[in-house]
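Undergrad: Protein chains in written order, with our numbering: chain A, 1 to 280; chain B, 1 to 280.
Think of the CB as a built atom: it goes at the ideal place given N, C-alpha and C, for glycine as much as any other residue.
It should be emphasised that the depicted structure is a prediction, and the values quoted were computed from it without experimental measurement.
The structure's right below; bear with me while I get my questions together.
Number of protein chains: 2
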Amino acid sequence: MPGTPANSYVVQPVEKALGVLAYVVECGQVVSLKSVSQALGIPKTTAFRYLQTLTRAGFLEHHTDRDRYSVGPRLRAMARTDSSITRARELAHPVLVALTQEYQCTVNLAVKGDGSVVYLDVIDSLQGFRTKARSGDANPLHSTALGKAILAHMPQPEARDYLSRPLMERTGRTLIERAELERQLRQIAQSGYAIETGENEDGAMCVGAPILDDQGYPLVAISIAVPLARMSTSHAMVAGRKISEMAARISRSLGSGPSMPTVPAAVAAGGVSQRTAPAG
Amino acid sequence: MPGTPANSYVVQPVEKALGVLAYVVECGQVVSLKSVSQALGIPKTTAFRYLQTLTRAGFLEHHTDRDRYSVGPRLRAMARTDSSITRARELAHPVLVALTQEYQCTVNLAVKGDGSVVYLDVIDSLQGFRTKARSGDANPLHSTALGKAILAHMPQPEARDYLSRPLMERTGRTLIERAELERQLRQIAQSGYAIETGENEDGAMCVGAPILDDQGYPLVAISIAVPLARMSTSHAMVAGRKISEMAARISRSLGSGPSMPTVPAAVAAGGVSQRTAPAG
DNA sequence: ACCGCGGTTTCATGTTGCGAAATCGGGGCG
DNA sequence: CGCCCCGATTTCGCAACATGAAACCGCGGT
């Protein structure tokens, strides 16, 4: 059965299941096993298994009453995450450019990605200082201004989980003691910006602030990176306030309820914040 | 290695690949093969194949420069489709209720789904007439007011494709002759509403109109269903104009450019319309 | 009570997904 | 200038596992 030359490294079950997923979505999301099987020309047993698998993974939802499938919560969540990030990048871009010009330094926009920040946009100043990080690189959460800004605005359980893991020591200044780090995070949650003094890369100081999505979750963060020697703490604080304000403006554009300026998560010693109420 | 009892009908490659997909999205969409492999604990060969498959299917995008993966156009398209339909349903609901009350009859909201309309919402009047269709059911495009309204506003190539297939004869009145049907579709495209006189179910007359998404594509349609005997053609035309107007208002809320009231597709004998210019 | 249609379960089969290891490629450092 | 190392591809043989025909079940209609 030569048929398709199977040119490449395509895993057939995956490919077909994705076809099923796409079909369900395109079909306006109320689909029976039979129609999937017929429309895509795959035996119903197989279609059944794919629907089952997709449902279990939360990509589809199974309405047992009429035995129909529709798009599931996981897919919706993914869509929202993606569009939030995309919008945040778009909104942030002019801000990043402005920051580069003002401080003559590298500015970063990064997303949170399991235990790390991943740089999406890195804009270098023409003449100024440059850091090692390039778009696509990843760094620990606890050793960067970006990451600390995110950590400080994260729901408590998630932050706690991260902090309970061993923290990599990137430079001699990296904060690896949990109590110390948590103290700083609380302060960041209050002030709305994070300062990092060579904790990730020797000689580089960063000042960053989080951008919150419509649920108040710190999806991305922006920062400036300057030579450690060039900026005093008080200057950094001024910059921090400014950056924090810019980030907050973007958060507001993303729909992060007008009720929360910049103090959602870890503020107040043991304050607990939930991204989504456990209401289900 | 008992581990998971694999209780059920889950296809492992699919499950794992969905995990990879979710990871890429959650990670803020700039991910290397290695991080996927490490984070999910699957050998890199396998991760590679999944990424490859997901990319080929358009669910991911592969940035060859830095060898990173991010969310692909297909996933974005799915997300938009879903959210459009969801919004359309929400916006349409009060309209449906109003129509039920006004006409004392069943009203429908259906989506287009490969060669058929699938009923999403069916609201019955308390006392009045009821049709067979229930939420989740499907009917042919050419035999229902809903379907004809959609067909008439569909991009020409897609409509042509459908019409070139054999058309099922649901009742004695079903239009199965292509020329005749096309003539009617052109008229529907102009007037903005479709009338069906017992062509899908004996004794039931329907009047329907399409709701266009932000691309001008007829994603869903709404209709009322009354006993064939109860409504004259002239009454139906009045109702049609009203329904068409309501549908157009919803289309506008969905962002269907303010430049097109109700006449996008098949209008004017051979007019051609493209959903998306073939530029891609 | 019968019939038929869709969904679920079973089961034997061989296709095909898997992952260790070898290969390639490129960027950084000496 | 060339070596080295890391990460992405490719190869390849094995048996795990996806597959789909067929049997089974439950329901809704007649």
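Mind pulling the chain A residues with CB within less than 8 Å of glycine 136 of chain B?
TA: Looking up residue 136 of chain B in the second sequence gives position 136. Residues of chain A passing the Cβ test: Val30, Ser32, His63, Arg66 and Arg68.
Undergrad: Quick check: is the beta carbon of leucine 18 of chain B nearer than 7 Å to any beta carbon in chain A?
TA: The residue labelled residue 18 of chain B in the question sits at position 18 within the second sequence. Cβ-Cβ to chain A under 7 Å: yes for leucine 18 of chain B.
Undergrad: Looking only at its chain, what residues have a beta carbon closer than 8 Å to the beta carbon of serine 259 of chain B, apart from the 5 residues adjacent to it on each side?
TA: Stepping through the second sequence from its first residue, residue 259 of chain B is reached at position 259. Confidence at serine 259 of chain B is low in this model, with a pLDDT of 44, below 50, so the placement of that residue is unreliable and no value is reported for it.
Undergrad: For a test of the three-state rule: what should DSSP assign to aspartate 82 of chain B, helix, strand or coil?
TA: The residue labelled residue 82 of chain B in the question sits at position 82 within the second sequence. Three-state DSSP puts aspartate 82 of chain B in a helix.
Undergrad: Just to confirm before moving on: does the CB-CB distance between alanine 145 of chain A and glycine 72 of chain A stay below 7 Å?
TA: By one-based count along the first sequence, residue 145 of chain A stands at place 145. By one-based count along the first sequence, residue 72 of chain A stands at place 72. The answer is no: Cβ separation not under 7 Å.
Undergrad: Would you kindly work out how many angstroms separate the C-alpha atoms of valine 226 of chain A and glutamine 127 of chain A, rounded to a whole number?
TA: If you number the first sequence from 1, residue 226 of chain A lands on position 226. If you number the first sequence from 1, residue 127 of chain A lands on position 127. Using only the alpha carbons, I get a separation of about 12 Å.
Undergrad: In the DSSP output, which residue or residues are listed as bridge partners for serine 223 of chain B?
TA: Walking along the second sequence from the start, residue 223 of chain B turns up at place 223. DSSP lists B:Asn108 and B:Gly208 as partners of serine 223 of chain B.
Undergrad: Give the range of the beta strand (DSSP E) segment to which serine 70 of chain B is assigned.
TA: As a position in the second sequence, residue 70 of chain B is number 70, starting the count at 1. Its beta strand (DSSP E) spans residues 68-71.
Undergrad: Cβ atoms of leucine 219 of chain B and serine 84 of chain B: under 7 Å apart, would you say?
TA: Translated into the one-based positions of the second sequence, residue 84 of chain B becomes position 84. Translated into the one-based positions of the second sequence, residue 219 of chain B becomes position 219. Result yes, Cβ atoms of serine 84 of chain B and leucine 219 of chain B sit closer than 7 Å.
Undergrad: Straight-line CA distance for lysine 34 of chain B to glutamine 101 of chain A?
TA: Position 34 of the second sequence, counted from the start, is the residue given in the question as residue 34 of chain B. Position 101 of the first sequence, counted from the start, is the residue given in the question as residue 101 of chain A. Distance between the alpha carbons of lysine 34 of chain B and glutamine 101 of chain A: 35 Å.
Undergrad: Comparing the C-beta of arginine 252 of chain A with each C-beta of chain B, is any distance below 7 Å?
TA: By 1-based counting over the first sequence, the position of residue 252 of chain A is 252. By this cut-off, arginine 252 of chain A is not an interface position.
Undergrad: Given a threshold of 16 other Cβ atoms within 10 Å of its Cβ, counted over all protein chains shown, does valine 36 of chain B qualify as buried or as exposed?
TA: Locating residue 36 of chain B in the second sequence gives position 36, where the first residue counts as 1. Valine 36 of chain B is buried by the Cβ-count criterion.
Undergrad: Using a Cβ-Cβ distance under 7 Å, would isoleucine 85 of chain A count as near chain B?
TA: Numbered from 1 along the first sequence, position 85 holds the residue referred to as residue 85 of chain A. For isoleucine 85 of chain A, the answer is yes, since a Cβ of chain B falls inside 7 Å of its Cβ.
Undergrad: Does chain A have any CB closer than 7 Å to the CB of threonine 144 of chain B?
TA: The sequence position of residue 144 of chain B within the second sequence is 144, counting from 1. Judged by the 7 Å Cβ criterion, threonine 144 of chain B is not in contact with chain A.
Undergrad: Using a Cβ-Cβ cut-off of 7 Å, state whether glycine 255 of chain A counts as contacting chain B.
TA: Along the first sequence, read from residue 1 onward, the residue named residue 255 of chain A stands at position 255. No, because no Cβ of chain B sits closer than 7 Å to the Cβ of glycine 255 of chain A.
Undergrad: Is the CB of proline 13 of chain B under 7 Å away from at least one CB in chain A?
TA: Locating residue 13 of chain B in the second sequence gives position 13, where the first residue counts as 1. Judged by the 7 Å Cβ criterion, proline 13 of chain B is in contact with chain A.
Undergrad: Could you name the residues of the segment 204-218 of chain A whose beta carbon sits closer than 8 Å to any beta carbon of chain B, in the order they occur along the chain?
TA: So the list is empty, because no residue satisfies the distance condition.
Undergrad: Rounding to the nearest angstrom, what Cα-Cα distance links arginine 165 of chain A and glutamate 177 of chain A in this structure?
TA: For the purposes of this step, residue 165 of chain A is taken as the residue at position 165 of the first sequence. For the purposes of this step, residue 177 of chain A is taken as the residue at position 177 of the first sequence. Roughly 11 Å separates the two Cα atoms.
Undergrad: Check each residue of the segment 40-62 of chain B: if its Cβ is closer than 8 Å to any Cβ of chain A, include it; give the result in chain order.
TA: If the cut-off is 8 Å between Cβ atoms, the segment 40-62 of chain B has Phe48, Arg49, Tyr50, Gln52, Thr53, Leu54, Arg56, Ala57 and Phe59 near chain A.
Undergrad: Histidine 153 of chain A lies in the alpha helix (DSSP H); which residues open and close that run?
TA: Residue numbering aside, residue 153 of chain A sits at position 153 when the first sequence is read from its first letter. Histidine 153 of chain A -> no alpha helix (DSSP H), and no H or E assigned at all.
Undergrad: For methionine 231 of chain B, does the count of other Cβ atoms within 10 angstroms reach 16, so buried, or fall short, so exposed?
TA: In the second sequence, counting from the first residue as 1, residue 231 of chain B sits at position 231. That one is buried.
Undergrad: Is the segment 167-176 of chain B in contact with the segment 142-157 of chain B, if contact means three or more CB pairs nearer than 8 Å?
TA: The answer is yes - the segment 142-157 of chain B touches the segment 167-176 of chain B, with three or more Cβ pairs under 8 Å.
Undergrad: For methionine 78 of chain B, which option in A:Met154, A:Lys148, A:Asp67 and A:Leu60 has the closest C-alpha, if you only look at C-alpha atoms?
TA: One-based indexing of the second sequence puts residue 78 of chain B at position 78. Answer by Cα proximity: A:Leu60.
Undergrad: Run the CB neighbour count on alanine 229 of chain A, radius 10 Å, all protein chains shown included, and call it buried at 16 or more, exposed below.
TA: Indexing the first sequence from 1 puts residue 229 of chain A at position 229. Exposed.
Undergrad: Exposed or buried, arginine 74 of chain A, counting other C-beta atoms within 10 Å across all chains shown (16 or more means buried)?
TA: To locate residue 74 of chain A, count along the first sequence from 1; it is residue 74. Counting Cβ neighbours within 10 Å, arginine 74 of chain A comes out buried, since at least 16 surround it.
Undergrad: So, does the CB of serine 154 of chain A fall closer than 7 Å to a CB anywhere in chain B?
TA: Locating residue 154 of chain A in the first sequence gives position 154, where the first residue counts as 1. It should be pointed out that residue 154 of chain A corresponds to methionine in this sequence rather than to serine. False, the Cβ-Cβ gap to chain B never drops below 7 Å.
Undergrad: Beta strand (DSSP E) containing leucine 120 of chain A: first to last residue?
TA: In the first sequence, counting from the first residue as 1, residue 120 of chain A sits at position 120. Here the beta strand (DSSP E) through leucine 120 of chain A covers 116-123.
Undergrad: In angstroms, rounded to a whole number, what distance separates the CA positions of lysine 181 of chain A and threonine 46 of chain B?
TA: As a working note, residue 181 of chain A is residue 181 in the first sequence. As a working note, residue 46 of chain B is residue 46 in the second sequence. Here residue 181 of chain A is leucine; the residue named in the question, lysine, does not match the sequence. Answer to the nearest angstrom: the Cα atoms are 38 Å apart.
Undergrad: Starting from tyrosine 133 of chain A and walking both ways along the beta strand (DSSP E), at which residues does that stretch end?
TA: What you label residue 133 of chain A is simply residue 133 of the first sequence in a count that begins at 1. Checking the sequence, you will find alanine at residue 133 of chain A rather than tyrosine. It is not in any beta strand (DSSP E) - alanine 133 of chain A carries neither H nor E in the DSSP assignment.
Undergrad: Starting from proline 166 of chain A, trace the alpha helix (DSSP H) both ways and give me its first and last residue.
TA: Here residue 166 of chain A is taken as the residue at index 166 of the first sequence, counted from 1. Per DSSP, proline 166 of chain A belongs to no alpha helix (DSSP H) and is neither H nor E.
Undergrad: Does the segment 102-115 of chain A touch the segment 106-116 of chain B, meaning 3 or more C-beta pairs lie closer than 8 Å?
TA: No: fewer than three Cβ pairs fall under 8 Å.
Undergrad: Does the beta carbon of cysteine 27 of chain B sit closer than 7 Å to a beta carbon anywhere in chain A?
TA: What you label residue 27 of chain B is simply residue 27 of the second sequence in a count that begins at 1. True, the Cβ-Cβ gap to chain A drops below 7 Å.
Undergrad: Say whether chain B places a C-beta atom closer than 7 Å to the C-beta of valine 122 of chain A.
TA: By one-based count along the first sequence, residue 122 of chain A stands at place 122. Not an interface residue.
Undergrad: Let me confirm a value: glycine 192 of chain B is counted as buried when at least 16 other C-beta atoms fall within 10 Å, else exposed. Which label applies?
TA: Sequence index remark: in the second sequence, residue 192 of chain B carries index 192 (1-based). Label assigned to glycine 192 of chain B: buried.
Undergrad: Just tell me which of B:Cys206, B:Gly216, B:Met246 and B:Leu120 has its CA closest to the CA of histidine 63 of chain A.
TA: Against the first sequence, residue 63 of chain A aligns to sequence position 63. With distances taken between Cα atoms, histidine 63 of chain A lies closest to B:Leu120.
Undergrad: Please list, in chain order, the chain A residues whose beta carbon lies closer than 9 Å to that of methionine 78 of chain B.
TA: The sequence position of residue 78 of chain B within the second sequence is 78, counting from 1. The contacting residues are Leu21, Ala22, Val25, Glu26, Val71, Leu75 and Ala79.
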